Every structure is written in structure tokens, then in C-alpha cells.
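Chains as they are written, first to last, in the working numbering: chain Z, 1 to 903; chain Y, 904 to 1026. Beta carbons: idealized from backbone N, C-alpha and C, even for Gly. The model shown is predicted, which means the values in this text are computed figures rather than measured ones.
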Amino acid sequence: MLSGWFVAALSTAYVLVLFAVARFGDARADAGRSIISANVYALSLAVYCTSWTFYGSVGRATSGGLSFLTIYIGPTLMLMFVGVIIKMIRISKAYRITSIADFIASRYGKSQLLAGLVTVIAVIGVVPYIALQLKAVSASLDVLFQYSDDKFLPWWLDSTLLIAAVLALFTILFGTRHLDATERHEGMVAAVAFESVVKLVAFMAVGLFVTYGMFGGFSDLFQRAAESPELARLLQLDSSRAGTWTAMILLSGLAIIFLPRQFQIIVVENVDESHLKRAVWLFPLYLLLINIFVLPLALGGLLHFQGQNLNPDTFVLTLPMARGAEALALLVFIGGLSAATGMVIVETIALSTMVCNDLVMPWLLRSTWLQVEKRQDLSGLLIGIRRVAIAVILLLGYIYFRAAGEAYALVGIGLISFAAVAQFAPAMFGGMYWKQGTRAGAVAGLLAGFGIWLYTLLLPSFAKSGWITSGFVEQGLFGISWMKAQALFGLSGMDEISHCLWWSLLANIGCYVGVSLNSRPDAVEAGQAERFVDVFRHAQRETDSRLWRGNASVDALVGLLERFLGPARARQQLGVYAQSRGAKDWHGLPADADFVHFAEAELAGAIGSASARVMVASVAQEEDLGLDEVLDILDEATQVRAYSRDLEAKQQELEAATADLRQANDRLRELDRMKDDFISTVTHELRTPLTSIRALSEMLHEDPRLELEARTRFLGIIVSEAERLTRLINQILDMAKMESGRAEWTTGEVDIGEVVRESMATLGQLFREKGVELAGDIPDSCPAVLADRDRLTQVMINLLSNAVKFVPGGNGRVGVRVGWDEKVVRVEVSDNGPGLTAEECVVIFEKFRQGGNTMTDKPQGTGLGLPISRQIVEYFGGNLWVESQPGAGANFIFTVPLPAPEE
Amino acid sequence: MAHKILIVDDEPNIVISLEFLMKKEGFEVAVATDGEEALAKVASFNPDLILLDVMMPKKSGFEVCEALRGDPSRAGLLIVMLTAKGRDTEVAKGLAIGADAYVTKPFSTKDLVVKVKSMLGVG
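See the structure below:
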């Protein structure tokens, strides 16, 4: 039996731990040692998982099967568009944007109207969502005390109100400590990250308990479920609901950035863009972990409480309670509490900033009876307004919870809220990527989308709760059937959320685009459009200062800053700014456009960009720049950018050209080196026979009385070396001619078989002398090829004389084969000589590289025969190569293509 | 006692002419046709001077020269490099690794004989 006091003490202790974490985070932030790491940032994103998902996912799974997953798939997909979110963060940091209302208002010309409109939509859409959190906490308490009569609170005070009050206190303490220009709350983020861990641990603990403690693991659970036809249905994907799935994924994908608390955490509280890279995988991982046990819990609950008609939303509590695991139930309660409190705290801070800056301030600044103009320091007033806003929002949430109770309007509010904030998407995305989007378009789109959301989703939910008549849902407004709230224009067959999303986004985007295209932006708007869309490209300061002309005084602007930021903070920021401009202190700074922009940005951080604009305009004599002038300036900036892009492109071209030239030069140098090598080799080859000739003839010349025998021998050598020299010179010239393309070719139809037979006959004597067997396998008639007969004969003779040179005398064998297929004629000359290594098979086709290096008797020849033969064969489109292994003879093969058959 | 000359070249006809030339001048001559044989012949024949071709199979003339110069017991051996590659870099390389003279092919027989004799300190 759980005692009420014990639960109360535990909850209090938990909240105190939260306070401690938040204090620690704030203290570290003040000391300049932020604890917001990439991991903390990613965990704080999990404020997305509220008590609605903590308790409700299991409930959804009991009726919709796997469809609960859509709420998590959407955010995972959305986070993959890192570029979009980074752009959002970059814009927000550059213009000190503190809320989603501020973002939209600032983009469309710092419009107070738009800021107010977005705020109203957010409040209407989200306050019931806060109520839902309170309800979840209250419901979880009810479960804990189900069997207990222990009434520990007086009748006039209920636990939910107490929790709301504690949350308000917490939010006030850590959400409104000071008016930071960037509106960051590191202590709060730390606390939220901590809560994310708590709820994950709690949920996984109960998941493990049910899956492995109450049942025999996943397979046991799923097996048992599969046995019941009703439960088996939950395990299957229902293809007829694909449309719903798509709508849910889109909806939750938009919610992950556009819910005020998500925008607050992802964009406003971001300290370092690189943290996002971690969040991209860590946050989806978190979602995965918290979802693993949803289906097992749903199935476990349905199996365990069969026929008892228990609320499936409370399975996570009732399951451990039913087994008497009170400690676990308490952990789950704390997990649910953390899910609820995290959401409420961040949501309330985000909403209170919006309400204060975009609803209350514009009204205060305009009202004369408050005399705000005259009051010196307004920073206290600002904080006061926010604190009141926090309290009021929570109170509204509590009242809604009390009023709605078990009504449908509360239960279904999660997705209804999502659909409300989805209306921000066209104005946001359009504003970031489409310069033509105008304020009129944004207002029209938001109003249209919001109106349809109200009519097709929120009001029907009231009707279902019985608060208003449901005629407009069932018969259509005024009985007009195409006005049926959930089958607009006869569109039926969709679930209500998909239906609303379809029509509201259609109207929203249609109005936004249509009106934008038909309206002209004013000067401020055109400037803002440029800055937002091109945020990555702008050398901001220059354009900014050119877009402002007028007179202002430093004193007046500093006065403004002191009034809204408080004197201390104002002086601090002024100091930082002066330093960035290279001045010692701000007193000597000119009140130029740059200074005005600095002041306006600082003010925007405190009171929103729309109000900041109004305040700056009130103390400076500004010259109105006409739209045309603004467009001219922007155009010029664009031209300068285009020009510098051109220059960059030119530079790249030049660099590429330089690289090409360098490459060409390297190639030439390599060719030059090769030519040098070639000449050196040719010289060597020519000088070698010349050496013998000269030495021997000199000796003959010197000594006329030389013996006849020696004389004859020497003259023989001189003659043969002279022949070698002649052959060499001929071949070098031949080679040179072929390489330079000046060789003469007489191409005609040639019968290769005949060429081969003739070559064999020519060399027959040589073979017989050396005792080498020469065998031919040549068909009588071969197809004709187009080639130069003499050149082919040259190739054949070269191959045959090479073969006879290398086979052993006496038992040498050389075989010649001619064959063909439909494409080429193929000639093979094989021998039983020493064979070639793989390396040799390559180098023998290089100039002056002869085979048989290892033999002491140097082979006769010039080392040009094979390279020349290859050149000849390749000239006719064929190939010449050798297949051989050491010790296994060599097989020289060449092919000559057959002429293409005529059609 | 006649001076001993080792002729090292892989071209048989060049060997024939050098052998004849040196024998005619009264030297005692031995022949090797590649680098490895040259080193073996240096050990067995113990020449006073070696006419060494550069481009040879197995071991080039440069390698043979380096091997000989690395052997202190052969310090007095005279080495004349013969090459058909007349580039300055090769001449410089030959002299750098310790050759005593460098002769480019084709050479004048008269000049070669004069050079060999003066190196050996005869005639």
C-alpha cells in the first residue's frame, strides 16, 4: 500500500533534484563553462516525448497497432534535413530571434500583426496540450492510489493544482532569471536533458519487467498475441491506412521543429551548430529505445487484463501494480512525471516569451496610461510580465484540464496540437527559401490554415465532448452538406487528422503563395527577405548599414537599451560591441547605421524584433527608404556578389589552365627524356659495330704484312659488322618513318596464307642449315585482308627468324598455324625454345630490348624487329603479342581484322 | 715480364680486335665476356690493367669497377672503362667510382695503345 505522503515526498525530492541540476547548469553557464554538450543537446530534444507518449503510446498501440510509430518516424526523417535546421539556427542567432513567432514576424518585415497572430495560434493550439500533461500526472496518481483511501490533501486542494503550482515556480525561477539577449536557459536545458534520461530509464525498466518478468520474453509475447485473432491484427501493417501513416509522419516531422518548445530547444537554446550533428543520430536512437517496449507492453496489458476493461493508457502503471512491484510503479510514476514536467516547463517558457514580446509589449508600448515611455528601467517589468504569463498559462492549462476532464477534447489534443503548429510550416519554409513570400501572403496563409484547423479539428473535438452542438459535423454548417466539418467538399474516407492536414495545408500554402505573388513587399520586408534567404552568403554588416539612413543619437539608443535590458546588462553588451568595432569604450562611437542595428538586435533579444523596430524608430529620425531604393541596394549587393563569384570562377579557370599547362609540360619533359634515352641507345647501337670496324681496319692499315689468315678473318668481320650497321640504320629509319606517320604503305587485298607460305619458303634454307624442323598448318584458301603485302611478309620473316635464332640446333621445332573467325585472321608462330618470363613477354616489344639476356652468346639482331612488327600489325588494326612460359617455348601470335562485310 | 691485361666486353668482334691489338704490343692477355666472369678472371689471372666495357649482361662495367675498388688488395689495378655511350654524365660517373681512364667507342687503336702503355709506365 503506497502512502500518499510517501508519494508526495518522493515527487518533492525529484523536483528538488531537478532544481539542483538546473542550478548547476546555470552556475556553470554564468562561470562561462557551459555544460551543454552535444549529448546534452540531443537529450534535451527528447522533450518531444511527453507524458502523452509516455503513457499514450501504449494506449495507441492497443488500438492502432504499429501506427504509434509514425509519431517517431516523422522527427527522425525531419532531422535528416540538417541544412534546413542549421539555416534556421544561423538566422536566429544573427537576428537574436527568441521564438517561432519572432522568427516569422521578423522575416516578414518585423510585423507585430504576424507576431501576435502566431502567438495566438500557438497559445490556442498548445494550452490544451499542457492540460493533457497535467491530466496524465493526475491520472497516474489515481492509479497509484487506486486501492487506497488515503486522502492526504484537503478537499479544496488537489494534487494536480499543486503540481501545476510547483511547475510554475520552477519555470519562473529558471526561465526568467534575466533577459538574455539570446534568451538561452542553460540550467533549464540541463534539467530537461536529465528528465529525458529519467523517463527513458523508467520506461525501459517497466518494459523489461513486463516482457521478461511477467512473460517469457519477446517471442513468447508475440506468439501468445498471434494466437488471438484480435491481437494478431495489431502486429500487422494495414495497407489501407497508408494515407494516415503519411499524414502522421508529415505532421510529427513538422511538430519536431514548430512546436514552440521544440523550436525553443532546437533553435533558441542551441549553443553550437555542430551539436546538431550528434543529435541527428542520437535523438532517433533515443526514440528507438523508448519505443522498443511499446508493443510488448500493449500486448502484455491486453493479455494480462483480458476482459477487465482497463484504460490501456495506464498499462505502464497497472501492470507492475498488479504484480505488487510498487517500487517499479513509483519509478514509472517519476518517469511520467518527468515527461510531463519537461514538456510543461519548456512549453511554458516558450509561450511566455511569445506572449510577453508579441502580445503584451506591443499593447503596453502603445498604451499611454501606463506611461511606459517615462519609466526608467523596464527590464524588471519585462521579467514580471513573463512570470505572470507563465503562471497564467499554467493556470489556463489547469482550468482546461478541470473543465474538459475525460472529454474527447483533451484526449485527442496531442495530434490536434501538432496540426495547429503545422500551420507555421509554409510561412517558415517559404520565408527561409523564397524571397517573394510577403507579409500579406503569410497572414493570409496562416489565417486560412488556422481557420480550417479550427473548423475541422478543434470545434469538432468540442462537439464530441458535448460542449457545442454537433450539427456542423454531421449535417454541415447551416445544413449545407459540403460544409460537413470532417468531410469538407465531400472529401470523406480519411481520418480526421489527415482530412484537416490536407485541407488546412492546401488552403495555407495556396493563400500564402497566391497572395504573395499578388502583393508587393514594403522596404523593410524586402530587406529581411534578402537577409533570411541569403543568410549564408551575406557579409551582413555592409548591407545592413546601407539599408538604414537617418539620424540617431547614441544617448537615446543607449537609453533604450538601459531601459529594456537593465543598466548593467546594457553596459556589458555595449562593451562587447565597442570591442568588436575596435573602440575602447562605447562613448566615442558614432550613432551610425551599424550602431542602430546593434541596438535593435539587442532589443530584439529582449522584446522581440517587431517591438524593437518600433522602439528604435521612436528615438531615431529615420529616413524612409522606398521599396525601389531598397531593391536597388539589394540588387547592387547581389551584383557585387555575382561579380565576385565570376572572379572566383575565373580564378578557378586560371588555376585549372595552369594545372593543365604544368601537366603538358611534364609530358613534354618526359617525352624529351625518352627521346634522349632513345638517341643515347641508338648511338650505343651504332657505335658498337663501328668500334670493331674501325679497330680492325686501323690494324689492317697499320700492318700491311699481316698474315693472310688473320687478314681474311678481319675483313670478314668488317663486312658483317658493316652489314649489321646498314641493317640497323635501315630499321631505325623505318621505325622513325612509321612513328612520324611518313611511312609508305601500299594497301591491297592480301591472302595471309600465301604470305606465310612464301616467307616459310624464303627462310627454308636457313632452317635446314640449322637443322630446325619447320611445319605449317595453313588452309589452302584464306579470306583476304586489307594490308600491305610486303609489310606482312616483313613481320612473318621477323617472327620466323627470331624463332630459328632461339630454338636449339638439331632438335628445334617451329610450327606455323593460320586460322580465322568472323572478325580476324590469326597467325601463330610457336617454337620449342627456352621460353620467356612474364616480364620478358612485355619488354621484348620495347626498342633495343632483346630476349635471351642470360645467354653468353649475344643474340644477333638489332632489337628493333619486334617493335617494328608490332607497329605494322597495329597499323592494320591488329595485335601482336606472345604467350610463353620459361622452359615451355614461345608462341607469337598476331591478328589482322577482316574487312567489314558489305551490306 | 710482360704486363697482363684483361679484356672485358660482350661483343665478340670487339674482343677479337682488342685481343689482337694488345697481344701485338706484347702484353699477356685474358678475356671475359660478362661482369661476373670478369671478377673471376681478375682473381685467377691477376691482371695489371683491365679494359672494361660498361654495357654488359649480368654485371655492368660500373658494378665490376665498384667491386674491384672495394677490394684493398687490388689497389694497384688500373681500370680503363670502354663505353659506346659517350654522354658526359657517364664519363663523370665512371671516373667518380674509381676508373683510371675512360675511352669512348669507337676508339683510335693508336691512341688506346699509347694510353695503355703510358699508364703501365712502358715505352
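Chain Y has no Cβ within less than 8 Å of the Cβ of arginine 711/Z.
Excluding five sequence positions before and after proline 960/Y, the CB atoms of its chain that fall closer than 8 Å to its own CB belong to Asp913, Asp937, Gly938, given in chain order. Taking leucine 786/Z as reference, the option from Ala803/Z, Val755/Z, Asn798/Z, Glu773/Z with the minimal CA-CA separation is Val755/Z.
Taking a Cβ-Cβ threshold of 7 Å, the residues of chain Y close to leucine 696/Z are Ser920, in chain order. In its chain, beyond the 5 residues on either side, Val189, Ala190, Ala193 have a beta carbon closer than 8 Å to the beta carbon of valine 40/Z. Residue-level contact by beta carbon fails for isoleucine 910/Y and chain Z, as no gap is shorter than 8 Å. A straight-line Cα-Cα distance of about 15 Å links alanine 900/Z and valine 750/Z.
Secondary structure at tryptophan 745/Z: coil, using DSSP grouped into helix, strand and coil. Around the C-beta of asparagine 291/Z, 16 or more other C-beta atoms lie within 10 Å, and the residue is accordingly described as buried. Residues of the stretch 679-692 of chain Z that bring their beta carbon within less than 9 Å of a beta carbon in chain Y comprise Ser680, Thr681, Thr683, His684, Glu685, Leu686, Arg687, Thr688, Pro689, Leu690, Thr691, Ser692, in sequence order. Note that the C-beta distance between serine 869/Z and cysteine 841/Z is not below 8 Å. Burial is judged here by how many other beta carbons sit within 10 angstroms of a residue's own beta carbon; glutamine 486/Z has at least 16 and is buried.
Within chain Z, no residue has its CB atom less than 7 Å from the CB of leucine 998/Y, the nearest being about 19 Å off.
In the DSSP assignment, lysine 199/Z falls outside any beta strand (DSSP E) and lies within the alpha helix (DSSP H) extending over 186-208.
At least one beta carbon of chain Z lies nearer than 8 Å to the beta carbon of asparagine 916/Y. Not a single C-beta of chain Z is nearer than 8 Å to the C-beta of phenylalanine 965/Y. Residue-level contact check: glutamate 721/Z touches chain Y, since one or more beta carbons of chain Y fall below 8 Å from its beta carbon. At least one CB atom of chain Y sits nearer than 8 Å to the CB of isoleucine 717/Z. From the beta-carbon of alanine 905/Y, no residue of chain Z is found nearer than 9 Å; the closest lies around 20 Å away. Taking one beta carbon from each stretch, the stretch 518-528 of chain Z and the stretch 104-117 of chain Z have 3 or more pairs nearer than 8 Å; the two touch. Chain Z places a beta carbon closer than 8 Å to that of proline 1009/Y, counting this residue as a contact.
Taking 8 Å as the threshold, the shortest C-beta distance from leucine 924/Y to chain Z falls below it.
Using a Cβ-Cβ cut-off of 9 Å, methionine 699/Z is close to Ser920, Phe923, Leu924, Lys927, Thr1012 of chain Y, given in chain order.
Between threonine 76/Z and isoleucine 100/Z, the alpha-carbon positions lie close to 21 Å from each other. DSSP assignment within the stretch 215-258 of chain Z yields the following whole alpha helix (DSSP H) runs of 4 residues or more, N-terminal first: 218-227, 229-232, 242-258.
Neighbours of alanine 933/Y across chain Z, judged by C-beta separation under 7 Å, do not exist; the nearest C-beta is about 16 Å away. The continuous beta strand (DSSP E) containing phenylalanine 894/Z extends over residues 890-897. Cβ-Cβ distances below 7 Å link leucine 359/Z to Gly116, Thr119 in the same chain, with the five nearest sequence neighbours on each side left out; the list follows chain order. When DSSP states are grouped into helix, strand and coil, tyrosine 108/Z belongs to the coil group. Within the same chain, Leu909, Ile982 come within 6 Å of isoleucine 953/Y by CB-CB distance, once the 5 residues on both sides are set aside. Going by beta carbons, glutamate 828/Z and isoleucine 893/Z fall inside the 8 Å limit. Under the 8 Å criterion on CB atoms, lysine 988/Y is classed as interfacial with respect to chain Z. If you check each beta-carbon in the stretch 939-959 of chain Y against every beta-carbon of chain Z, the ones closer than 7 Å belong to Met958. If you compare the alpha carbons of Met615/Z, Ala591/Z, Ala422/Z, Phe401/Z with that of methionine 361/Z, the shortest gap goes to Met615/Z.
Ranking Pro950/Y, Ser976/Y, Asn949/Y, Ala999/Y by CA distance to the CA of glutamate 966/Y puts Ala999/Y first. Bridge pairing for threonine 986/Y: Thr1007/Y [DSSP].
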